[in-house]
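Student: First the structure, which I've put down as structure tokens, then a few questions once you've had a look.
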Amino acid sequence: MDLIRDFKDPGREYSVLAFWFLNGELKKERLAWQIGQMVEKGVYGGFMHPRAYLKTPYLEDEWWDAVGVCVEESRKQGFAPWLYDEYAWPSGTAGSTFEYGFQKPSRILSRGRDNMAKGLWAVKKDAGNRGCGNEGAGNEGGGSQGGGNQGSGNQGGGNQGGANPEDKGQSGANPSSMPYRVVKRDGFIYEFYEKVFEKAVDYLNPETIASFIKLTHEEYRKRWGEDFGKLIPGIFFDEIYMMGNPLPWTDRLPGRFRETYGYDILDELPSLVDGVSERDKQVRKDYFSLVTAMYEEAFFRQISDWCGKYGLKLTGHTEEFLWEHPRRQGDYFKTMRHLMVPGSDCHDYRYRYPRRITYCEPKYSVSVARIYGKERAMSEALGGAGWNCTMEEFKKGINTLAAMGTGMFILHGFYYECDHQGSQSDWPTSFFYQNPYWDYFKIFADYIRRLSFMNSQGNPVVDYAILYPIGDMDENMENGEENPAGQAINNGFHQALNCMIEHQLDTDMVDEESILNAHICDGKLCLGQQRFKVLLLPEGGSLMEETVAKLEAWTKAGGSVLFYRTGLAHENRSGENRSGENRAGGDRANGCSVNGYWDTVLRGNVHSISRIPEAAAGLAAPSASVIYGNTGNIFLNHRTAGNVDYYLVANSSDERRNLVLSFSHASTPVLLDIEKGDMMQAVYTQAGTAQMCGGRPSGSGVLIYMDLEPGEAVYVLFGLEEDTIRQAKPALTGDIRWEEEWITGKWDFLPLSPSGPNHGDNAHNEESMDLEIPIAEFTSDVSSGTETIRICNQSGEEGSCGRHMSLWNGRWITRRRSWNDQLDASDLYFRKTVFLEHAPEKAEFCAAAVDSFECFINGTMVYKGISNGEPVVFGDKGQLTQGENILAFHVTNRNPLHDVYVCSAEELPPDRFISLLMEGIIVQGTNVEVVKSDSTWIVNDSLIKGWEQPDSDGRFTAAGFDVRKVLNFNYTGLEHVWLKAWERGKPPLKPWGDLPLFGQTLTYPRKLWYTVTIPAGASVLYEPATAGAAVCMLDGKEVHWENGVHILPDNERIHILTIQITAGGCSDGLKQPIRVTMKAVAVNLSDWRMLGLPWFSGRCRYTNTWSVEQLEGTYMLELGGVNHCAQIWINGRLADTRLWRPYRADITSLLRPGENEITILVSNLASNERRHMLVDEGMALGWNRYWNEDNMDRDSRNYVSGLLGPVRLLHVISPKP
């Protein structure tokens, strides 16, 4: 292996991989074209991932035909077609669990109860049969997560907990009405009920998983088995977890438990619910250990053995947070060790804001891979960041994952299509051709390929380990949730791991079984690829006696143990506190709990978590550390390959960082530029007496000076041969002085056609382009205002006024407490205060609801009935008075939709959207008051006493809520709280369409007005396609068309086109987007929105000239602000392509004496266009509106597009390289 040569252009096996989202109808030509696109842009493999909105029949002939096309095209293109084992997720169903959608029901679950997940649910009563509190299913989002705010979608949808045995949960949980088991203990009666989860797979049943393999894996093997392990590298499973809650169960568990542990778990079930005795803890530990073993054997080992037999690499991910493991995942190490490429999810580019990586997620899969000698660890990376996330921010995430040790990156996702309501909201963004940066994506793909290559060579060097405390968690799970001790263990574990990593002390996890199997060599704990010097343990944790003996031998051989505080008391059996004070280094721990007893063999210091990094570095000095500069979001990753030591140094912050790093190596360092693949000289000095972290002298090491741009990472290498080092590009040393020239004045500006050349070598020669303007401001003679509309709903459809017009001014309203709205609510309570100056003479209301409602005025019911979405008219029955009045509606939906997180149909039936629409007319003499449903109403999902009455004490006030600040689709905390009503939209909103108002429907003819902004640079305006008599006004003057065109003499400014149409019916109106021809126009540097292009996503060209008198030295072109990617061309030759800061290029070799031409091609993000692309079918859903509006709006700064400047020419005058 030639590390430097291979780094420049690693093999395709290290390629970034696409999570290829296959939605809609799969077409042969489109599939082949997309594979070609990926290969062209450096993405040499991908997972064929059937998503929820796939229309091609899954596991049927059409599906196999589509996969066959992909396999054969991959063979031609050098693309690796990885398999994905399921329709949507989680794996194991072999078909759909969605109520709506396009696929056949699950072939596994349709076989009945044996294949369905099961759980036990408990009710505890005292002996007198008086209820003693519901000890039932826990909240899926509950517990102290430690590692951040998480959530994950699932096909069952929603909170998996049940409120009582009679409830049928949202995941299809069907509790039995008769107790499964009744146990008496300590004066209490425990009734245990079995829940069968009809939409979830029993992963503890080996026959169930064998059937899944036969229906899925074997079907692939029948067709392409000869390609397994060659063209087809492997297969992915996704999002599996034990659904049965709060206590996972399966029919075989009691018998298996008796065989394994020699006692009857059925007699000990109360210990799973509560109790803190040693017996209770042991029962829980035995129970969860058996659950792990059954999960491991049925799913992980069985599928891994099958893959190994036929040459496939198994990868995928499960749950990556400790608090979830006992009842959802089991022992992570014992299960995930069966994967050839252990993987993890990457939740927190969607569940944290500002976005950042949660370290434990990649660290789990990386730790397993390293201990068990796997080739790489995988991350399903960066999904759900949204359309408005920049390439620079994605690069920061990739750098952090690489610093954690990830060596295989699967980008989530690449959209086959996103033209329909489902696929438009399928956890965007799409890294694919829908995004303007796709033209330049090979730069990012090569960047990731180099990281993957470097993280796959040689061996990691990780001095510090932290115990994976699954045993302690098992003991402290009461009824499937952590008790206070469990929360302390969970929090301490995550905090200690985070603290070490954030102090540049790379730390991996290790489990007890691996410790027992480890070798002790040279004072290190050696297991797999790992050589640990220091082990972190939780204060008050428990270990097996064999583990303690192994660690005792290791510490005697030179290893070190540190304890981090968890808040758990150190007490022996008699309650005596056996910890003493060590003034020199914190508290002295006399031992670690061994099977419930304190032993004195493990002696180590106990430190607060904030002091753990300093203490660890004092025991084993790190080979690299930051000794100067801001270390926040700076990460280090050390590996060796042969005689070479190399370090990834990553700046994952938004700021430029000036750092000095100390390394304990004596050889000459060089740097590797990950973006370019180049080797460069390092700016360094001998360390001398410089002090390293932990207070130890660096000896003969070196100090390296680094200026890292935001999101920049670099490799530092030691141990290369001198001949190799001499090939490094020179570095600028000493003080750099520049001569600076600003390039001022206007630039020629031209948007480029998306169907034009894919590369800049021709784009700078285009003279004009035709542009379609897809949006307009719309109003009519029945509208109360204007609204921004998308002229055509979908490609191939014509525009029509009927999509936007109604007699109604009221909005459909509902309750929304998260990304999704509350489709799962059965009851909503709306109220509004209406002030009347005079006593009303007459009042009439028109209201529609899904599906029935009661109306109260000042506490008196004035109407009750079923609406089913159709309007009903009623009066006030004399209840309105002068002054303050309360209007209140109780809406009931008997058919709520529980699949609220993955709305798995292109169009849902109208009876599933719990909603209210109302409008009222109150006559007070000559004054007519109109009351309508809108966001000024407040709404609750719980019945509050007096909710329909006047608010005398201010109880009924809406809480502050901004969905853009919500970090989870399963957000809890706003139950029983008044919120402002959320507007689904105004009729004719789908799925209801237009409705009569007070018995009246819209009649024609009608006057319509469309207002369209014509951008600067438009030179030709084409006559709009309209239906109905139309008059066009440009800047207030009527337009006279000549052969269907109008020439714009002044194209340096924005124009306003107004189209007045007399519509004879609902299909009349503006039929197609407005078309213009754009030509280059002189502009000052500014946001494209200022030029009339707020909706435009694509590329624009900027051109300017300047003169250079002399050509000595180095010339750099600095673009200043760019949103978001830029290609820099000088005199028709490409200088560089920049996807992130710094927007700077060395143009020395491209300059010529005298006048020079500069051309900058700037691309923005898909978000500017996607913000206006949500189809009508999706407008009523909170989930769709979140991804197409709210999620993007929280990054509103990224709507700013273009070359912003200032642009400067920098001439290096000293020193010379």
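Heads up: the sequence shown begins at 1 in UniProt numbering, then just goes up one per residue.
Cβ coordinates follow ideal geometry from the N, Cα and C atoms, glycine included.
On a predicted model such as this, the values are computed, not experimentally measured, just so you know.
Quick one: what's got a C-beta closer than 7 Å to LEU516's C-beta in the same chain, skipping five residues either side?
Tutor: The residue given as residue 516 occupies position 516 in the sequence shown. If we look at LEU516 and ignore the five residues flanking it on each side, its Cβ neighbours are GLU546, THR547, LYS550.
Student: Compute the distance between the beta-carbons of TYR647 and TYR715, then report whether it is under 8 Å.
Tutor: Position 647 of the sequence shown, counted from the first residue, corresponds to residue 647. Position 715 of the sequence shown, counted from the first residue, corresponds to residue 715. Less than 8 Å separates the beta-carbon of TYR647 from that of TYR715.
Student: Mapping the DSSP letters down to three states, classify GLU1144 as helix, strand or coil.
Tutor: The residue you call residue 1144 lines up with position 1144 of the sequence shown. Note on residue identity: the sequence assigns Arg, not Glu, to residue 1144. Of the three classes helix, strand and coil, the one that applies to ARG1144 here is strand, per DSSP.
Student: Between which residues of its own chain and MET336 is the CB-CB distance below 6 Å, once the five residues before and five after are set aside?
Tutor: Position 336 of the sequence shown, counted from the start, is the residue given in the question as residue 336. Excluding sequence neighbours, MET336 sits near PRO342, VAL368.
Student: Are the beta-carbon atoms of ASP851 and ASN893 separated by less than 8 Å?
Tutor: By 1-based counting over the sequence shown, the position of residue 851 is 851. By 1-based counting over the sequence shown, the position of residue 893 is 893. Yes, these two residues count as a Cβ contact at 8 Å.
Student: Helix, strand or coil: how does DSSP classify HIS503 here?
Tutor: Mapped onto the sequence shown, residue 503 falls at position 503. Three-state result, HIS503: coil.
Student: Looking only at C-alpha atoms, which of ASN1184, ASN1156, TRP1095, TYR1115 sits nearest to ASN1198?
Tutor: Position 1198 of the sequence shown, counted from the first residue, corresponds to residue 1198. Closest by alpha carbon: TRP1095.
Student: How is the beta strand (DSSP E) around residue 1230 delimited, first residue to last?
Tutor: The chain is shown only over 1 to 1217; residue 1230 falls outside these bounds and no answer can be derived.
Student: Just list the beta strand (DSSP E) runs in the segment 283-318, keeping only unbroken ones of 3 residues or longer that don't cross its boundaries, in chain order.
Tutor: Segments of the beta strand (DSSP E) lying fully in the segment 283-318: 313-317.
Student: Report the partner residues of MET679 according to the DSSP bridge assignment.
Tutor: Counting from 1 along the sequence shown, the entry for residue 679 is found at position 679. DSSP lists LEU672 as partners of MET679.
Student: Which residue marks the beginning of the alpha helix (DSSP H) containing TRP1095, and which one marks its end?
Tutor: Here residue 1095 refers to the residue found at position 1095 when the sequence shown is read from its first residue. Here TRP1095 belongs to no alpha helix (DSSP H), and DSSP marks it neither H nor E.
Student: Note down, in chain order, each residue of its chain lying with its Cβ closer than 6 Å to the Cβ of GLY596, except the 5 sequence neighbours on either side.
Tutor: Stepping through the sequence shown from its first residue, residue 596 is reached at position 596. With a pLDDT of only 37 at GLY596, under 50, the local geometry of the prediction cannot be trusted, and no value is derived from it.
Student: Counting C-beta neighbours from all protein chains within 10 Å, is the total for HIS976 16 or more, i.e. buried, or is it exposed?
Tutor: Locating residue 976 in the sequence shown gives position 976, counting from the first residue. By the 10 Å Cβ count, HIS976 comes out exposed.
Student: Taking Cβ to Cβ, would you say CYS846 is nearer than 8 Å to MET918?
Tutor: Here residue 846 corresponds to residue number 846 of the sequence shown, with the count starting at 1. Here residue 918 corresponds to residue number 918 of the sequence shown, with the count starting at 1. Yes, the Cβ-Cβ distance between CYS846 and MET918 is below 8 Å.
Student: To the nearest angstrom, how far is the alpha carbon of LEU979 from that of ILE921?
Tutor: Here residue 979 corresponds to residue number 979 of the sequence shown, with the count starting at 1. Here residue 921 corresponds to residue number 921 of the sequence shown, with the count starting at 1. Take the alpha-carbon of LEU979 and the one of ILE921: they are about 25 Å apart.
Student: Counting only the same chain and skipping the five closest in sequence on each side, list residues whose C-beta sits under 6 Å from that of GLU1157.
Tutor: Working through the sequence shown from its first residue, we reach residue 1157 at position 1157. The beta carbon of GLU1157 is closer than 6 Å to those of THR1105, ASN1131 in its chain, skipping five residues each way along the sequence.
Student: Can the beta-carbon of ARG831 be found less than 8 Å from the beta-carbon of ARG984?
Tutor: Reading the sequence shown from its first residue, position 831 is the one you call residue 831. Reading the sequence shown from its first residue, position 984 is the one you call residue 984. Cβ atoms of ARG831 and ARG984: not closer than 8 Å.
Student: Below 7 Å CB to CB, which residues in the same chain sit around TYR220 once its five sequence neighbours on both sides are set aside?
Tutor: For this step, residue 220 is matched to residue 220 along the sequence shown. Here the set comprises LEU83.
Student: Hey, which unbroken runs of the alpha helix (DSSP H) at 4 residues or more fall wholly within the segment 861-892?
Tutor: Within the segment 861-892, no complete alpha helix (DSSP H) run reaches 4 residues.
Student: Taking buried to mean at least 16 other C-beta atoms within 10 Å of its own C-beta, is ASP446 buried or exposed?
Tutor: The sequence position of residue 446 within the sequence shown is 446, counting from 1. It counts as buried.
Student: What residues in its chain sit with their C-beta under 7 Å from that of GLY1028, if we drop five residues either side in the sequence?
Tutor: If you number the sequence shown from 1, residue 1028 lands on position 1028. Only ILE1061, THR1062, ALA1063, GLY1064, ASP1068, GLY1069 meet the Cβ criterion.
Student: Sort out for me which residues DSSP pairs GLU844 with in a bridge.
Tutor: Here the question's residue 844 lines up with position 844 in the sequence shown. Paired residue(s): GLY875, ILE921.
Student: In whole angstroms, give me the CA-to-CA distance for ARG1006 and LEU997.
Tutor: Residue 1006 sits at position 1006 when you count from the first residue of the sequence shown. Residue 997 sits at position 997 when you count from the first residue of the sequence shown. The C-alpha of LEU997 is placed about 17 Å away from the C-alpha of ARG1006.
Student: Give the DSSP-derived three-state secondary structure of TRP937 in the structure shown.
Tutor: Position 937 of the sequence shown holds residue 937. Reduced to three states, the DSSP call for TRP937 is coil.
Student: DSSP has GLU1118 in a bridge; who is on the other side?
Tutor: The count along the sequence shown starts at 1 and reaches residue 1118 at position 1118. Its beta-bridge partners are ARG1144, ARG1208.
Student: Return yes when the Cβ of LYS363 is within less than 8 Å of the Cβ of LEU497, no when it is not.
Tutor: Residue numbering aside, residue 497 sits at position 497 when the sequence shown is read from its first letter. Residue numbering aside, residue 363 sits at position 363 when the sequence shown is read from its first letter. It is a contact, given that the beta carbons lie within the stated cut-off.
Student: Any idea what DSSP makes of residue 1232, helix, strand or coil?
Tutor: Nothing about residue 1232 can be read from this structure; the chain reaches only from 1 to 1217.
Student: Could you please give the first and the last residue of the uninterrupted alpha helix (DSSP H) stretch that includes ASN927?
Tutor: Within the sequence shown, numbered from 1, the residue matching residue 927 stands at position 927. Here ASN927 belongs to no alpha helix (DSSP H); instead the beta strand (DSSP E) covers 927-932.
Student: Return the chain-ordered list of same chain residues with a C-beta closer than 7 Å to the C-beta of TRP64, the five sequence neighbours on each side being excluded.
Tutor: Here residue 64 refers to the residue found at position 64 of the sequence shown. The residues are ARG223.
Student: Between which residues of its own chain and VAL183 is the CB-CB distance below 7 Å, once the five residues before and five after are set aside?
Tutor: Along the sequence shown, one-based indexing puts residue 183 at 183. Excluding positions up to five away in sequence, the list reads TYR190, ASP267, LEU269, PRO270.
Student: With DSSP as the reference, label TRP742 as helix, strand or coil.
Tutor: Position 742 of the sequence shown, counted from the first residue, corresponds to residue 742. In the three-state DSSP reduction, TRP742 falls in the strand class (E or B).
Student: Quick one: grab the DSSP three-state call for HIS665.
Tutor: Taking the sequence shown and counting its residues from 1, one reaches residue 665 at position 665. Looking at HIS665 - three-state DSSP - the assignment turns out to be coil, as it is neither helix nor strand.
Student: Under DSSP, the beta strand (DSSP E) around PHE853 begins and ends at which residues?
Tutor: Looking up residue 853 in the sequence shown gives position 853. 852-857 is the span of the beta strand (DSSP E), which, as asked, contains PHE853.
Student: Buried or exposed: ARG573, going by 16 or more other Cβ atoms within 10 Å of its Cβ?
Tutor: In the sequence shown, residue 573 corresponds to position 573, counting from 1. Any answer about ARG573 is weak, because its pLDDT of 31 lies below 50 and its placement is not dependable; what the coordinates show is given next. Burial call: exposed.
Student: Assuming the contact rule is C-beta atoms closer than 8 Å, GLY24 and TYR53 should be a hit. Round their C-beta distance to whole Å, please.
Tutor: Sequence index remark: in the sequence shown, residue 24 carries index 24 (1-based). Sequence index remark: in the sequence shown, residue 53 carries index 53 (1-based). About 7 Å; that satisfies the 8 Å criterion.
Student: Using 10 angstroms around the beta-carbon of GLY46, count the other beta-carbons present and answer buried if the total reaches 16, otherwise exposed.
Tutor: The residue you call residue 46 lines up with position 46 of the sequence shown. Per the 10 Å Cβ criterion, buried.
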